[in-house]
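For the working numbering, add 158 to where a residue sits in the sequence shown, where the first one is 1.
Taking it in order: structure first as structure tokens, then the write-up.
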Amino acid sequence: MAGVGFELKKLFTARTAAGHLRAYSYSVIITAGPFFLLTSMVLAIQFLFHSLGIKGESAELFTASVIYSFVFSQILSSGFTMVLTRYLADSLSLGRYQDIMASLFGMGAILTVLSGLTAGAFFWGSPLPAGTKWLAYLFFAQQMLVWTENVYLSAVKQYKRLLLSYLAGVMLSIALAAWLLTSSSLLPEQAGLLAVNAGMGLMVLLLLLHIAAYFGAPEGGMNFAFLPYLERHWRLFFISFSYMAGLFLPNILIWQGPWGVEIGGTFRYAPVYDVVTFYAFLSILPLMTMFVVSVETTFYERYSVYFSYITRKGNFREIDDARKDLLHTLWFELRHIVEFQLVFTLIFLALGGYILSEAGITSSQVNMFQVILFGAFFTGLFQLICILMVYFDYQQEVLRVALWFLGSHFLFGMLGLHVFGEASYGFTFFLAAAGSFLFGFCRLNHFAGRINYFVFCAQPVFYCPPAGWLTRLVRWLYGDRYVDLGAAKEEDGYANEP
159 MAGVGFELKK
169 LFTARTAAGH
179 LRAYSYSVII
189 TAGPFFLLTS
199 MVLAIQFLFH
209 SLGIKGESAE
219 LFTASVIYSF
229 VFSQILSSGF
239 TMVLTRYLAD
249 SLSLGRYQDI
259 MASLFGMGAI
269 LTVLSGLTAG
279 AFFWGSPLPA
289 GTKWLAYLFF
299 AQQMLVWTEN
309 VYLSAVKQYK
319 RLLLSYLAGV
329 MLSIALAAWL
339 LTSSSLLPEQ
349 AGLLAVNAGM
359 GLMVLLLLLH
369 IAAYFGAPEG
379 GMNFAFLPYL
389 ERHWRLFFIS
399 FSYMAGLFLP
409 NILIWQGPWG
419 VEIGGTFRYA
429 PVYDVVTFYA
439 FLSILPLMTM
449 FVVSVETTFY
459 ERYSVYFSYI
469 TRKGNFREID
479 DARKDLLHTL
489 WFELRHIVEF
499 QLVFTLIFLA
509 LGGYILSEAG
519 ITSSQVNMFQ
529 VILFGAFFTG
539 LFQLICILMV
549 YFDYQQEVLR
559 VALWFLGSHF
569 LFGMLGLHVF
579 GEASYGFTFF
589 LAAAGSFLFG
599 FCRLNHFAGR
609 INYFVFCAQP
619 VFYCPPAGWL
629 TRLVRWLYGD
639 RYVDLGAAKE
649 EDGYANEP
């Protein structure tokens, strides 16, 4: 989130109620703005279906296509974008802007091919019309590109323009859907998918233009120079993939059970469970907002001081004082975030049951919502712990924690599906989330108590460049033009030593 911390610090420095309000509003827009806009787009088009009397399989096909695209595009792209984040950080530190823009096209090409193979396998033998399949695939592929471009947004400080890009895409989708549903001869689900594809395409284009305006044209850049990072930071790939897969796995398992509904002989989803889960996860948006404020201001300042003493040969007392200050800030901010989020969870607990009851949700499903609400609470805290450990590059332990998260959701999900039955839906999710949080918290506490050891002794003494087949491929493609950024950073570090 380069640039976010700088803006937040300026606003908090004002030390006025207005300044603090603007700071929190700014963080809300950055963390939740795109999510709200994309969600509003889908809900608005669903409302158009309802108001025009379009019900049954057409409306369900549109909803299922969008849900599958959102879920599986995030799962499949998450590992790649996590590693890409590390590559961009190293490229920025060395000023290799031409490779940054080139990597966007390279990663986009890889994910487009991956989305094509995935969609081809999924739709193979599907009875859906060819037009519906192609439109669903196109939306899926464009979602992959949007998640990729989001990685680059952290280096672009013109957030208003970026949010306006999202807004432009959303407005185009809604307007086009209204026109197509009332004036075209397309099938309703195809009209809706064509509209969201047009809006998503506009988002992809506008975001690309903003990123290109910041980094410049990729003249002479190497599109696939990031591939060795998949070898060097393979743990980051599986950390992100495991977390994202574990996040959606409970829903995917419920789809296969008695609550699952088959649409068009192709899709399966559970409307009631998915809606309840969606509203439960809305409750943790304040947590992510507060975390951005804490990490980008107070915590990062202590983190930077601690590592600056280490890398610039501070004495033991300076390093130890910085360590104590860092850990005090870490636990204080984490406790503050937990208390802050707990208030909002209790508010959702009090109001959510009433609102869902008025919307026609049964009392047993309201009870399930209340349980899932606390599961979402622990899931949000678990994500925070993973991010904090990634900050310290504690990849091996974070991978273990992420695999625990994925395995817990698979185990409890299967038990709920095949052993405990429908009465356990939601509770199995809560157990997996709470258990994962406790395990992650214990590992973070273990790391914090031995932070000097892990920082000083658990790191390799010498840089070991990747030597796998991806590295050999990149060296074959680019020859002497290829620069090992890891080695370049190490040389730059030695050159800048006092």
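Just so it is clear, CB atoms sit at the ideal spot from N, CA and C, and this is done for glycine as well.
All of these numbers come straight from a predicted model, not from anything done at the bench.
Exercise. Tell me, please, whether the stretch 386 to 402 touches the stretch 264 to 279 by the rule of three or more beta-carbon pairs shorter than 8 Å.
Key: no
Quiz item: Buried or exposed: which applies to Ala294, given that a residue is buried once 16 or more other Cβ atoms fall within 10 Å of its Cβ?
Solution: buried
Quiz prompt | Host beta strand (DSSP E) of Arg426 (start-end) | solution = 425 to 427
Quiz item: When burial is assigned at 16 or more other CB atoms within 10 Å of the CB, is Ile530 buried or exposed?
Solution: buried
Quiz item: Is the CB-CB distance between Gly357 and Leu330 below 8 Å?
Solution: yes
Quiz item: For the stretch 432 to 440 against the stretch 551 to 567, are there 3 or more C-beta pairs whose distance is under 8 Å?
Solution: no
Quiz item: Does the count of Cβ pairs from the stretch 569 to 580 and the stretch 409 to 420 closer than 8 Å reach three?
Solution: yes
Quiz item: Excluding sequence positions up to five away, which residues of its chain have a Cβ less than 7 Å from the Cβ of Ala403?
Solution: Ile233, Leu564
Quiz item: What is the C-beta distance between Met259 and Ala370, in whole angstroms, given that I count them as a contact (C-beta under 8 Å)?
Solution: 6 Å
Quiz prompt | DSSP three-state assignment for Glu420, whether helix, strand or coil | solution = strand
Exercise. Starting from the N-terminal side, write out each stretch of the beta strand (DSSP E) that is 3 residues or longer and does not extend beyond the stretch 362 to 435.
Key: 419 to 421, 425 to 427
Exercise. Reducing DSSP to helix, strand and coil, say where Asp551 ends up.
Key: coil
Exercise. Please list, in chain order, all residues of the same chain as Met572 whose beta carbon is under 8 Å from its beta carbon, the five residues on each side excluded.
Key: Leu411
Practice problem: Could you check the C-alpha separation between Gly607 and Lys471 for me, to the nearest Å? | Solution: 22 Å
Quiz item: Between Glu655 and the rest of its own chain, which residues show a CB-CB distance below 6 Å, the 5 nearest in sequence each way excluded?
Solution: Here the model assigns Glu655 a pLDDT of 44, short of 50, so the residue's position is not dependable, and the following value carries that caveat. Excluding positions up to five away in sequence, the list is empty.
Quiz item: For Val524, which residues of its own chain have a beta-carbon under 7 Å away from its beta-carbon, when the five flanking residues on both sides are left out?
Solution: Gly511, Leu514, Ser515
Exercise. Using a threshold of 8 Å, state whether the C-beta atoms of Leu320 and His368 are closer than that.
Key: yes
Quiz item: Anyone know if the C-beta pair for Phe238 and Met265 falls short of 8 Å?
Solution: yes
Practice problem: Could you have a look at Ser284 and say whether DSSP puts it in helix, strand or coil? | Solution: coil
Quiz item: Is it right to say Leu509 is buried, meaning 16 or more other beta carbons lie within 10 angstroms of its own, or is it exposed?
Solution: exposed
Quiz item: Span of the alpha helix (DSSP H) holding Asn610?
Solution: 609 to 614
Exercise. Would you tell me roughly how many angstroms separate the C-alpha atoms of Gln541 and Phe395, rounded to the nearest one?
Key: 15 Å
Exercise. Can you give me the Cβ contacts of Leu366 inside the same chain, cut-off strictly under 7 Å, excluding the 5 residues immediately before and after it?
Key: Glu307
Exercise. Could you check what DSSP says for Asp483 in three-state terms: helix, strand or coil?
Key: helix
Quiz prompt | Length of the line joining the Cα atoms of Thr243 and Ile545 | solution = 13 Å
Quiz prompt | Span of the alpha helix (DSSP H), counted from its first residue to its last, around Ile233 | solution = 215 to 252
Self-check item: Rounded separation between Ala349 and Phe220 - CA only
Solution: 9 Å
Self-check item: Contact set for Tyr636: own chain, Cβ-Cβ below 6 Å, skip 5 residues either direction
Solution: Met380
Quiz item: Using 8 Å as the threshold, is the stretch 200 to 215 in touch with the stretch 271 to 288, meaning 3 or more CB pairs across them?
Solution: no
Quiz prompt | Where Tyr437 sits in the DSSP three-state scheme | solution = helix
Quiz item: Would the stretch 531 to 540 and the stretch 584 to 604 be scored as touching if the rule is three or more Cβ pairs under 8 Å?
Solution: yes
Quiz item: Under a Cβ-count criterion, where at least 16 other Cβ atoms within 10 Å of its own Cβ denotes burial, should Ile332 be classed as buried or exposed?
Solution: buried
Quiz item: Exposed or buried, what is Ile477 when buried is set at 16 or more other beta-carbons lying within 10 Å of its beta-carbon?
Solution: buried
Exercise. Select from Val224, Arg460, Leu250 the residue whose C-alpha is nearest the C-alpha of Tyr372.
Key: Leu250
Quiz item: When we look at the beta-carbon of Ala288 and count the other beta-carbons within 10 Å, is it buried (16 or more) or exposed?
Solution: exposed
Exercise. Verify whether the separation of the beta carbon atoms of Ile397 and Leu252 is less than 8 Å.
Key: no
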